[in-house]
Structure formats: structure tokens, C-alpha cells
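Shown next, in C-alpha cells, is the structure this report addresses.
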Amino acid sequence: MEAAKSTYLIILHDTEKELLEFVWQDTSNLIDQEFRKNLMIQKECVLKYKPKRILLHTQTFQMTISVETQHWVNNEILITWANTGVKKVAFLMTEEWIAQLSIEQAMAEETSNKFLTRYFKSRSEALEWLQS
């Protein structure tokens, strides 16, 4: 079920699997402020649905996340995920190496120790791991 949508992001909710999917669209024109606004939409959905699992589709993610925003993600978003009971986070990897590196760096902060995180190239593998 579609839980929320913006120009850059579609959020899907699966009650049965206790799963939220964050499907990033083309982010080539995404600016930092708009990125943060979209992450706040994610945060609202995490607070509302309290998923145990999150799957992020980042294959088309092209924005490089600044160091400042990486810290903001850790303090504002990931802490919320941990505090609401998220247990596993899976990423479908992007083709853009630099953007991927900034995504991984954002997740490398100490908050990500509160839940398991893995990176995948296929949705089926990611879902299999999330459900295990």
C-alpha cells in the first residue's frame, strides 16, 4: 500500500511483513533541503507504522550527501528508526559510486548499531534477508 509520495520518493507500507519501502526516484536535481524534507516524510511514516524492517531503493539515487547532512540523518532520522523498533534495514544499491559511498557513510554512524544493515543488488535477496 502506498503510504506517502513526493517528487523524489514513494513510500510503501506492508502491514503483514512489518515493512516500509522507501523508493527513491531520480534524485539528480535533488538539493540538500529537499532531501531533508523527504527524510522527514520517511520519519513520519516510521513513527506512524512502526515497522520492524525497512527497504531503501537507492538504485537511482544520485545526490551526494554532505557530511553535515550525514550527521543530521544520524541524529534526526536513524535515532528515530532505532527508538521505534526497526530491527533490519536493507539497501538496494545505486549505480553511482560516490552517492553510494555517502549513503554508506551516513549509515556508518554509531546509531546504525541499533539495527542490522545490509546492502543488496536485488529486491528478492533483500526481502529474503529482511524476513529471516
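Heads up, my numbering is the position in the sequence shown plus 2, with the first residue counted as 1.
Every residue, glycine too, gets a C-beta built ideally from N, C-alpha and C.
Host beta strand (DSSP E) of residue i (start-end)
i	result
T119	L118 to F122
Beta-bridge pairing of residue i - partner residues as DSSP gives them
i	result
D16	L21
A6	I13
beta-carbon residue i near the ligand MG non-hydrogen atom, thresh 7 angstroms
i	result
L14	As for the ligand MG, it is missing from this structure, which has no ligand bound.
Within 8 angstroms, strictly: CB atoms of residue i and residue j
i	j	result
T82	W26	no
L80	L57	no
L49	A92	no
K90	R55	yes
N- and C-terminal bounds of the alpha helix (DSSP H) containing residue i
i	result
Q133	R125 to Q133
Supposed close pair residue i, residue j - CB separation, criterion 8 angstroms
i	j	result
V88	F122	No, V88 and F122 are not in contact; Cβ-Cβ is about 17 angstroms, not under 8 angstroms.
L41	Y10	Incorrect: roughly 10 angstroms between the Cβ atoms, too far for contact.
A6	I43	5 angstroms
F37	T71	7 angstroms
Q64	T119	At roughly 21 angstroms, the Cβ-Cβ gap does not stay under 8 angstroms, so Q64 and T119 are not in contact.
For a minimum of 4 consecutive residues, which ranges assigned as the alpha helix (DSSP H) are wholly contained in the segment 33-101?
At a cut-off of 4 residues, the continuous stretches assigned as alpha helix (DSSP H) that sit fully inside the segment 33-101 are 34-51, 69-74 and 81-85.
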